[in-house]
Ligand SMILES: [Zn+2]
């Protein structure tokens, strides 16, 4: 009897060794059912500009006046990150219009989360490439999530008087007192090197890009507004309205070196031609 009990205890220990370890946090929803990293591309609107010369390109070089506006959900086994938050919801209702061009928005980020059976509460982190209206538009909706923002971006965005082109507090006011981690450069979001925020200043003081190590798709970099059009990249030419064009060139060169070193693909977020070829949520990349 004693030996049976001893054996039972031994069995329990063995089982616990392999099965009782505290499980990694597995957030609700269908997406994180396995240890893979997933990337969902959300349609967060489109911009049509009257004049592409603001990007220091001719119409011939740019090829189109249209800019896609994406948002991304990064679904990691340890949590979920939203990268960029698209155009403001007031574009959808017609309350907001551009001075020199037009903006359209068909679906909110929350709506697209619902489609994949997630809610705002399933989001652990929000990181915006920068605080221009076409990247932080729906930030107020997610202001109660943990923000990952470069210290330089935060300080510049809330500085008085405001000096950075196209910064407009009305779009990101809600982030001033939000729970946040202020970043001073690179940040490995989940600690395993698969989701890494990298600084790429110049477009704005704390502009950042995102590196993803996807298993099937391979390494990928989301550009933020380091480039707007493929021609900005091939001609190594920053837009005229960048806060620091010289610093942008340094960021471009550093990113190109990083892409070469890692073999990563670069997705220019606003590239409408590329966007037309991408799988949109509820489909995903792994
Ligand atoms: Zn933009």
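Residue numbers (the working numbering): 911 to 1196.
Ideal placement from N, C-alpha and C gives every residue a C-beta, glycine not left out.
- Nearest in C-alpha terms to residue 1145, of all of 956, 968 and 949, is 968.
- Excluding residues up to 5 positions away in sequence, 1128 and 1129 lie with their Cβ nearer than 8 Å to the Cβ of residue 1173 in the same chain.
- Contact fails between the region 1160-1180 and the region 999-1018, because fewer than three Cβ pairs, one in each stretch, are under 8 Å apart.
- Restricting attention to alpha helix (DSSP H) runs no shorter than 4 residues, the region 1033-1091 encloses them at 1043-1046, 1061-1067 and 1079-1082, ordered along the chain.
- Boundaries of the alpha helix (DSSP H) harbouring residue 1161: 1155-1172, taken from the DSSP string.
- Counting only beta-carbon distances shorter than 6 Å to the non-hydrogen atoms of ligand 1, the qualifying residues in chain order are 1042, 1044, 1045, 1135 and 1180.
- The three-state reading of DSSP puts residue 1150 in coil, since its state is none of H, G, I, E or B.
- The C-beta distance from residue 1191 to residue 951 rounds to 6 Å, short enough to meet the 8 Å contact threshold.
- If you compare the alpha carbons of 1178, 1055, 1149 and 1195 with that of residue 1124, the shortest gap goes to 1195.
- Under DSSP, residue 1014 takes part in a beta bridge, and its partners are 956.
- By the criterion of a C-beta distance shorter than 6 Å, residue 945 is surrounded in its chain by 987, once the five residues flanking it on both sides are discounted.
- The three-state secondary structure of residue 1175, taken from DSSP, is strand.
- Put simply, the backbone Cα of residue 1090 is about 27 Å away from that of residue 1164.
- Cα atoms of residue 1111 and residue 1077: separation of roughly 15 Å, rounded to the nearest angstrom.
- Contact between residue 1040 and residue 1135 holds: CB atoms are separated by about 6 Å, below the 8 Å threshold.
- With 16 or more other CB atoms across the displayed protein chains lying within 10 angstroms of its CB, residue 1114 is buried.
- Listed as beta-bridge partners of residue 980 by DSSP are 953.
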